[in-house]
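Chemist: One structure follows; several queries about it will come next.
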Amino acid sequence: MLKFEDLLEIYPEHLWLEFSEKEQETAWNQSSVNHDQNATACHRAFVNNLCLNTFVKWLEDEPDLPEKFQIPAPSPDLHRQWEFVNGIELTFNRTRLVLIPTEQDNIDEFRIPQEWIDIPNWVANYYVPVQVNLAENWLRIWGFISYEQVSEKAKYDSLDRSYCVNNWDLIADINVMWVADELCAVKELKVKPLPSLSKVKAQEIIHQLSQPTVYSPRLDIDFNLWGAILNDNQYRSILYSQSIKKSHNNLMKNTNKIVYNLSSWFDNIFNEGWCSVDDLFSLTDTRAFQFRSDSVLNEVCVKGAKLIDLGMQIENKSVALLIGLSPQIDNKVGIRVQLYPASGETYLPAHIKLSLLSESGTTLHSVESRSYDNYIQLKRFKLPLGKHFSIQVALKDVQIIENFILEGLASSDI
C-alpha cells in the first residue's frame, strides 16, 4: 500500500488533507446526536461531518485564498439533509459549491446525487468530489466541475438516481475554482421547476416516507415528488422529525425494555444488579480488569466511571462491562464503554461482540474480541442529555442488551 507521502508525489495536482483520530471522534460525536433512525444515515453524517470539518480547517489555514474570501458557515439544516442524501453545501461569497464525499477506492468517475442537480434550492455552481480514507486518516479532493459542465457531460444513472461524470472531465486543481469565483461573473443557474404540492398531498407523501427503515427513502417514490418535499424547508424538516419520531415510537411499541437512568450514578446510587468499581473488586476476582482500570479511567473520565457486572454466563465464563461517564460543559456527557473478563479469567472469550446501538436498535459501532484480548472497548462518544442509547454484548446466539438514558446532571457534576 502506498504511503501518504507517495500519494502526494504521484498526484500533486490534487488537494490532500490529513485528519487525526481525535478529529474522527469529534465527527462521530457530532453525527450520533442527530442520526439514530438507521446506521446508514449515522455513518453518512459521520463521513460528511469529517469531510466538512477537515475542509473548513484547511480553508482557515490556507494563506493563498483571495483576500476578500469569506469562509462560510455551514447550513444548520445539513444534519436533516444527511438523514437522506450525501453531500455538503457551502456558499463562498457569490458562489455555491457542494462537496460529495465517497469512501470508494475507484475514482474513475464522479457520482453526484440527483438532488444536488435537479432541486432548485439545492443546485450549486460547482461540485467537488472528496475521497475519504478512514483507515489511513486522509481525504483527497480530486478536482471540481461546474453545473454547466455536469449538464453537458454527465450521464444519468436511474438505478441510484445520480449523475456520473468521467474523472477526465474534472478540473484537477481546486485553486482554479477560487480564481474563477474572483474574476468571472456568476451565471444564473437554470433548473426545471418541480411540481407544487398541496398540503394534503405533501402530508400523504411525508407519512409514506417517514416509516421506520434501515435505508434512505429517496428511491421509494417518483423523483419529482421526492424533490418537491426536499425543496421545501418546512416539508423537509417535518419529514426528518416524523422519521425520527416514528422510529422512536416503533422501538417503544415493540420492545419491552428497562431503561436505566445513569444520572443517579453521579450520586453513587446504582440500579439493581449494578455496582461501583470498588464493589466489583470486593465481589469478584477481576485481575485482568484491575490491571487496566486505573490508567484507562484516568485517561478518559473526569468522574462517574462505574462498572456494571452483567452476570453474563458464556461458556461458563463471566464478563464485566464498564461504563465511564465524563460530564462536559456543553450539557453533554462523554461515554467510554469497555468489556473485561471476570471470575479470574485473563482473556475474553474469542468472537464476543460489544456494540453501541441507537435508540431505534440499529448498530452504530461494534468491536469483536480475538483469541487473546484481555479487554475490548468502543470508541469514546458524547451524547446530549435526554438521549437514549443501548449497549449489546453478544456471543453466538446469546445477546444481552442494556438500555440507558441520562436525564440530567447537577451543576456540581459539570
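Residues in the sequence shown are numbered from 162 upward in steps of one, following the numbering used here.
Glycine residues also receive a C-beta, built at the ideal position from the N, C-alpha and C atoms.
(1) Mind checking T507: buried by the 16 CB within 10 Å criterion, or exposed?
(2) Note down the Cα distance separating E186 from V361, rounded to an integer number of angstroms.
(3) Return the CA-CA distance between V326 and L300, expressed in angstroms with no decimal places.
(4) Could you tell me the distance, in whole angstroms, from the CA atom of G248 to the CA atom of N282?
(5) Let me check one thing: in DSSP terms, what residues is N294 bridge-paired to?
(6) Under the rule that 16 or more other beta-carbon atoms within 10 Å means buried, what is R397, buried or exposed?
(7) For L386, decide whether its Cβ has a neighbour in chain B, counting only Cβ atoms nearer than 8 Å.
(8) Under 7 Å Cβ to Cβ from P356, same chain only, skipping five residues before and after it: list those, please.
(9) So, using beta-carbon positions, are R379 and F245 closer together than 8 Å?
(10) Hey, which unbroken runs of the beta strand (DSSP E) at 3 residues or more fall wholly within the segment 363 to 403?
(11) With a CB to CB cut of under 6 Å and the five nearest residues on each side skipped, what residues in its chain are close to V337?
(12) Can you check which of these residues, S193, S516 and T263, is closest to N294 by C-alpha distance?
(13) Assign H240 to one of two classes, buried (16 or more other C-beta atoms within 10 Å of its C-beta) or exposed (fewer than that).
(14) Report buried or exposed for D383, applying the criterion of at least 16 other Cβ atoms within 10 angstroms of its Cβ.
(15) When DSSP builds the beta bridges, which residues end up paired with V289?
(16) Just to confirm, are N209 and W177 a CB contact at a threshold of 8 Å?
(17) Just to check my reading of the structure: L486 and L500 have Cβ atoms closer than 8 Å, yes? What is that Cβ distance to the nearest angstrom?
(18) Provide the residue(s) that pair with Q560 in DSSP beta bridges, ordered along the chain.
(19) Who are the near neighbours of S192 in its chain, counting only those whose CB is closer than 7 Å to its CB and skipping five residues on each side?
(20) With distance defined between alpha-carbon atoms, name the residue in N564, Q292 and Y317 nearest to T523.
(21) Use the C-beta contact count for P290: other C-beta atoms within 10 angstroms, 16 or more gives buried, fewer gives exposed.
(22) Which word fits Q292, buried or exposed, when buried means at least 16 other C-beta atoms lie within 10 angstroms of its C-beta?
(23) Is G248 helix, strand or coil when you go by DSSP?
(24) On the DSSP bridge list, what partners appear for C325?
(25) Could you have a look at E506 and say whether DSSP puts it in helix, strand or coil?
(26) Looking only at its chain, what residues have a beta carbon closer than 7 Å to the beta carbon of E270, apart from the 5 residues adjacent to it on each side?
(27) Measuring alpha carbon to alpha carbon, tell me which of E520, T374 and A511 ends up nearest V528.
(28) Along the chain, where does the beta strand (DSSP E) containing T524 start, and where does it finish?
(29) Given 7 Å as the limit, tell me if L331 has its C-beta closer than that to any heavy atom belonging to the ligand ATP.
(30) Among residues of its own chain, excluding the 5 on either side of V352, which ones have a beta-carbon nearer than 7 Å to its beta-carbon?
(31) Under 8 Å, do V588 and I273 count as touching if we go by C-beta distance?
(32) Quick check: the Cα distance between L400 and L358, rounded to an integer number of angstroms?
(33) Taking the alpha-carbon of P488 as reference, which of E568, K557 and A188 has the nearest alpha-carbon?
(34) For the beta strand (DSSP E) that V420 lies in, which residues bound it at each end?
(35) My output table needs one value for I278: the three-state DSSP class, helix, strand or coil.
(36) Starting from F542, trace the beta strand (DSSP E) in both directions and tell me its first and last residue.
Modeler: With the given structure in hand:
(1) Residue 507 sits at position 346 when you count from the first residue of the sequence shown. Exposure of T507 is indicated by the presence of fewer than 16 other C-beta atoms within 10 angstroms of its C-beta.
(2) As a working mapping, residue 186 is identified with position 25 in the sequence shown. As a working mapping, residue 361 is identified with position 200 in the sequence shown. So the two alpha carbons sit approximately 42 Å from each other.
(3) Residue numbering aside, residue 326 sits at position 165 when the sequence shown is read from its first letter. Residue numbering aside, residue 300 sits at position 139 when the sequence shown is read from its first letter. About 20 Å.
(4) By 1-based counting over the sequence shown, the position of residue 248 is 87. By 1-based counting over the sequence shown, the position of residue 282 is 121. Their Cα atoms are separated by approximately 14 Å.
(5) Here residue 294 refers to the residue found at position 133 of the sequence shown. Bridge partners of N294: W299.
(6) Counting from one through the sequence shown, the residue named residue 397 turns up at place 236. With 16 or more Cβ atoms within 10 Å of its Cβ, R397 is classed as buried.
(7) This model lacks chain B altogether; it includes just one protein chain.
(8) Indexing the sequence shown from 1 puts residue 356 at position 195. Excluding positions up to five away in sequence, the list reads N385 and A389.
(9) Stepping through the sequence shown from its first residue, residue 379 is reached at position 218. Stepping through the sequence shown from its first residue, residue 245 is reached at position 84. Their beta carbons are under 8 Å apart, which means R379 touches F245 by this criterion.
(10) As far as the segment 363 to 403 is concerned, it has no whole beta strand (DSSP E) run of at least 3 residues.
(11) Reading the sequence shown from its first residue, position 176 is the one you call residue 337. The same chain holds no residue with a CB closer than 6 Å to that of V337 once the five nearest residues on each side in sequence are set aside.
(12) Within the sequence shown, the letter at position 133 stands for residue 294. Shortest Cα-Cα distance from N294 to any of S193, S516 and T263 involves T263.
(13) Taking the sequence shown and counting its residues from 1, the one referred to as residue 240 is at position 79. Around the C-beta of H240, 16 or more other C-beta atoms lie within 10 Å, and the residue is accordingly described as buried.
(14) Within the sequence shown, the letter at position 222 stands for residue 383. Exposed, since its Cβ has fewer than 16 Cβ neighbours within 10 Å.
(15) The sequence position of residue 289 within the sequence shown is 128, counting from 1. According to DSSP, which records beta bridges pairwise, V289 is partnered with L260.
(16) Within the sequence shown, residue 209 is the residue found at index 48, counting from 1. Within the sequence shown, residue 177 is the residue found at index 16, counting from 1. Going by C-beta atoms, N209 is not nearer than 8 Å to W177.
(17) On the sequence shown, residue 486 is found 325 positions in, with the first residue counted as 1. On the sequence shown, residue 500 is found 339 positions in, with the first residue counted as 1. No, L486 and L500 are not in contact; Cβ-Cβ is about 17 Å, not under 8 Å.
(18) Counting from one through the sequence shown, the residue named residue 560 turns up at place 399. Looking at the DSSP output, Q560 sits in a beta bridge with A555.
(19) Locating residue 192 in the sequence shown gives position 31, where the first residue counts as 1. Excluding residues within five positions, the ones whose Cβ falls inside 7 Å are C203, A206, F207 and N210.
(20) Numbered from its first residue, the sequence shown carries residue 523 at position 362. T523 has its Cα closest to that of N564, out of N564, Q292 and Y317.
(21) If you number the sequence shown from 1, residue 290 lands on position 129. P290 should be labelled buried.
(22) Along the sequence shown, read from residue 1 onward, the residue named residue 292 stands at position 131. Answer is buried; the Cβ neighbour count reaches 16.
(23) The residue given as residue 248 occupies position 87 in the sequence shown. Three-state result, G248: coil.
(24) As a position in the sequence shown, residue 325 is number 164, starting the count at 1. Partner(s): R272 and K316.
(25) The count along the sequence shown starts at 1 and reaches residue 506 at position 345. Looking at E506 - three-state DSSP - the assignment turns out to be coil, as it is neither helix nor strand.
(26) Working through the sequence shown from its first residue, we reach residue 270 at position 109. Correct list, in chain order: C325, V326, N327 and N328.
(27) The count along the sequence shown starts at 1 and reaches residue 528 at position 367. The shortest C-alpha to C-alpha distance from V528 to any of E520, T374 and A511 is the one to A511.
(28) Mapped onto the sequence shown, residue 524 falls at position 363. First-last of the beta strand (DSSP E) with T524: T524 to E529.
(29) Questions concerning the ligand ATP fall outside what the structure shown contains, since it holds no ligand whatsoever.
(30) The residue given as residue 352 occupies position 191 in the sequence shown. Hits under 7 Å: D279, P281 and V284.
(31) This structure cannot settle anything about residue 588, because the visible part of the chain is limited to 162 through 575.
(32) By 1-based counting over the sequence shown, the position of residue 400 is 239. By 1-based counting over the sequence shown, the position of residue 358 is 197. Cα-Cα distance, rounded: 14 Å.
(33) As a working note, residue 488 is residue 327 in the sequence shown. Minimum Cα distance to P488 is reached at E568.
(34) On the sequence shown, position 259 is the one that residue 420 refers to. Taken as a continuous stretch (DSSP letters only), the beta strand (DSSP E) holding V420 covers V420 to N422.
(35) In the sequence shown, counting from the first residue as 1, residue 278 sits at position 117. Helix, per DSSP.
(36) Within the sequence shown, the letter at position 381 stands for residue 542. Counting along the chain, the beta strand (DSSP E) containing F542 begins and ends at F542 to P545.
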